[in-house]
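Step one of this worksheet: look at the structure below.
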Amino acid sequence: MQTASSTDFTIRLRQLHEAAEELVEKFSPDIAAVEKLYFSKNVKTAIKVGQARGVIMLAVARSNIQVVEYSPLKIKKTITGSGKADKKAMQKMLRDELGLGQPPQPDDAADALAVAYCHQVIARFESKIPEN
Numbered sequence: 001m002q003t004a005s006s007t008d009f010t011i012r013l014r015q016l017h018e019a020a021e022e023l024v025e026k027f028s029p030d031i032a033a034v035e036k037l038y039f040s041k042n043v044k045t046a047i048k049v050g051q052a053r054g055v056i057m058l059a060v061a062r063s064n065i066q067v068v069e070y071s072p073l074k075i076k077k078t079i080t081g082s083g084k085a086d087k088k089a090m091q092k093m094l095r096d097e098l099g100l101g102q103p104p105q106p107d108d109a110a111d112a113l114a115v116a117y118c119h120q121v122i123a124r125f126e127s128k129i130p131e132n
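The sequence shown begins at 1 in this note's numbering and counts up by one.
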């Protein structure tokens, strides 16, 4: 989902929350995989991303859906084998693994796909490990 940058931020958060609720209602997921928040330089951006992430997680939590979180390092390592992979390497690996005609675009969609694919790989692996 995209919101207009000219729109008041609180209204954009509401729009994002409503869109997340609609997706939860439409697809009834059992689990939601999200990327852990990471930032290195731009604190203002990190705060806004954290707020957006919060309204999405609220929509998920209100529907009693389990949430799992993965660090960017874990996602990269799971998909490419290297925690230092760049965005292009991630997109190429997703293209190859998922049989896509081209790398996923735009970057935000590719990132979301990477988180989902990471969870699928990890969940499949963990399901094959017997519990003690």
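Glycine is no exception: its CB is placed at the ideal position from the N, C-alpha and C atoms. The model shown is predicted, which means the values in this text are computed figures rather than measured ones.
Contact check, A46 vs L37, beta carbons under 8 Å: yes
- prompt: Which of helix, strand or coil does DSSP assign to Q105?
  reply: coil
task: Go ahead and label I75 buried or exposed: buried means 16 or more other beta carbons lie within 10 angstroms of its beta carbon, across all protein chains shown.
output: buried
Span of the alpha helix (DSSP H), counted from its first residue to its last, around I11: 9–27
message: Considering only their Cβ atoms, is the gap separating P103 from A109 smaller than 8 Å?
response: no
Those runs of the alpha helix (DSSP H) which lie wholly inside the region 48–116 and span at least 4 residues: 72–80, 87–98
field: Between the CA atoms of G81 and L23 - distance to the nearest angstrom
entry: 31 Å
field: Cα-Cα separation between M90 and I79, rounded to whole angstroms
entry: 7 Å
- request: Can you have a look at V115 and say buried or exposed, based on whether 16 or more other CB atoms are within 10 angstroms of its CB?
  value: buried
- prompt: Which residue from A123, P106, M1 puts its Cα closest to that of A52?
  reply: M1
query: For D86, which option in L98, L73, D96 has the closest C-alpha, if you only look at C-alpha atoms?
result: L73
field: Inter-residue CB distance, V55 and L16 (contact presumed, cutoff 8 Å)
entry: 5 Å
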